[in-house]
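I have placed the structure first, in the form of structure tokens, so that the comments after it can refer back to it.
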Amino acid sequence: MDRRRSGNALPIASRAPRRAVRHLSGARAMTPSSSVQAALGPQWLEPLLLREGDVDIWVALVAHAPDASLAAQFDSVLTADERIRHGKFFFDKDRRRYLVTRSLVRYVLSRYIPIAPPDWRFEATEFGRPAIANVHPDVPGLTFNISHSDSVVLLGVTRDAQLGIDVEDLQRRVPLDVADGYFAADEVRQLRALPPALQPARFLDFWTLKESYIKARGKGLSIPLDQFAFDLSDGAPVTVTFDPRLGDTPERWSFWQWRPSAESLAALCVENKRGITARISVRRAVPFVSEQTVGFKVLRGSGFCKTL
Ligand SMILES: CC(C)(COP(=O)(O)OP(=O)(O)OC[C@H]1O[C@@H](n2cnc3c(N)ncnc32)[C@H](O)[C@@H]1OP(=O)(O)O)[C@@H](O)C(=O)NCCC(=O)NCCS
């Protein structure tokens with residue numbers, strides 16, 4: 503049995519008894535201190551181990567976060583800066599999503615590393631990508647990426663590899679003309695060849711995949727969107743081609759697309775590592791309240807992965 507997966511019994515009240523977790527590889531998950539345990543909730547929760555090749559996706563549905571738990575998280579988790587930012591949102595839905603996002607990130611990182619949720623510190627790269635500032639010496643290569651739509655917050659976590667993730671609500675207004683102006687010519691051709699009624703969904707297919715890539719590279723929209731093109735021919739694996747100016751190769755990346763909820767579409771881009779097959783798991787979580795492992799039902803992908 504893969505012990506890193508054994509901490510998923512939920513609700514959290516039914517957590518396993520306290521013990522250090524010995525992993526198949528012989529490595530040990532790190533036992534959090536009592537203060538970290540207390541910050542994660544009232545009961546003991548087995549720490550999770552992240553091996554090279556593990557890609558853990560965490561899904562939080564914004565509407566599922568109970569008001570009482572959000573209020574408690576606001577008090578216990580947010581930093582002073584985050585509170586100021588929280589207060590600047592005009593719409594309640596944006597404040598709520600912000601709180602779920604910050605809580606999810608802090609909660610999830612503390613599930614792997616014995617640092618209490620409020621103690622995480624982040625710094626942004628010149629392109630705005632957040633990274634851990636107080637890196638734990640025992641887990642130096644942990645990387646993560648966040649995406650949020652109105653209804654869903656996604657967090658992807660892996661180690662020693664780049665990762666990008668994007669989620670969009672299927673009900674959102676789709677700006678098809680953005681494709682004409684910014685997508686690669688071959689993508690525009692694939693999109694516009696479809697009957698008009700099918701174009702919005704295909705636009706979101708391209709959009710999420712393209713965002714997952716620019717986010718994995720960490721450079722956001724400084725990467726011209728027409729310098730890489732996906733081929734989404736029906737029934738075929740996803741392929742990508744790069745303009746030589748990007749200095750990238752398709753072999754470096756794997757892509758998957760799936761629905762984290764009935765109302766949303768997501769794409770994941772993970773850097774390939776020689777000899778290592780990605781092991782992808784998905785958990786639904788209400789931060790500090792519950793976790794549940796759910797299936798990873800791939801709609802389309804470019805590479806093989808093991809799923810849990
Ligand atoms: C990074 C970027 C792509 C974010 O896209 P977005 O769709 O607005 O937002 P998402 O919810 O998917 O992602 C936001 C998160 O990405 C992360 N992020 C920010 N800059 C990033 C970067 N350079 N690289 C990777 N991740 C980044 C942050 O964690 C951010 O969440 P946070 O502010 O709550 O911490 C940004 O460059 C952007 O402004 N995009 C505009 C959307 C667009 O035009 N897309 C065209 C796609 S075809």
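Just so you know, the sequence shown maps onto residues 503 to 810 in the numbering used here. Ideal Cβ placement from N, Cα and C applies to all residues, glycine included.
Whole-angstrom distance between LEU801 and ALA663, CA atom to CA atom: 23 angstroms
Rounded to whole angstroms, what's the CA-CA distance from SER535 to LEU552? Just pull it up for me. 19 angstroms
What first and last residue would you give for the alpha helix (DSSP H) that runs through VAL579? 569-579
Whole-angstrom distance between TRP709 and TYR496, CA atom to CA atom: Outside the shown range of the chain, which is 503 to 810, sits residue 496, and nothing can be said about it.
Looking only at its own chain, which residues have a Cβ that is under 7 angstroms from the Cβ of GLN575, when we skip the five neighbours before and after it? LEU601, SER605, PRO789 and PHE790
Cβ shell of GLN673 (< 8 angstroms), same chain only, five flanking positions each side left out: GLU765
To test your reading of the DSSP string, which unbroken alpha helix (DSSP H) runs of 4 or more residues are found completely within the stretch 701-775? 701-719
Give me the Cα-Cα distance between LYS595 and ASP652, rounded to the nearest whole angstrom. 8 angstroms
I need the straight-line Cα distance from LEU644 to GLN701, nearest angstrom please. 37 angstroms
Whole angstroms are fine: how far does the CA of THR809 sit from the CA of THR743? 26 angstroms
What three-state label does DSSP hand LEU696 in the structure shown? coil
DSSP state of ARG675, grouped into three classes? coil
With DSSP as the reference, identify every bridge partner of PHE624, one or two as the case may be. ILE634
If you follow the beta strand (DSSP E) that LEU492 is part of, which residue opens it and which one closes it? Nothing can be reported for residue 492: it is not among the residues displayed for the chain, which extend from 503 to 810.
For TYR715 versus GLY666, is the C-beta distance shorter than 9 angstroms? yes
DSSP three-state assignment for LYS799, whether helix, strand or coil: coil
Got a sec: is the Cβ-Cβ distance from VAL669 to anything in chain B below 9 angstroms? Protein chains in the displayed structure number just one, and chain B is not present.
Should GLY813 and PHE646 be called a contact, given that it needs their Cβ atoms to be closer than 9 angstroms? Any question about residue 813 goes unanswered here, given that the chain covers just 503 to 810.
The stretch 719-734 touching the stretch 612-629, judged by at least three CB pairs closer than 8 angstroms: yes
Would you decide whether VAL654 is buried or exposed? Buried here means 16 or more other CB atoms lie within 10 Å of its CB. buried
Cβ-heavy atom distance, ALA562 to ligand 1, below 8 angstroms: no
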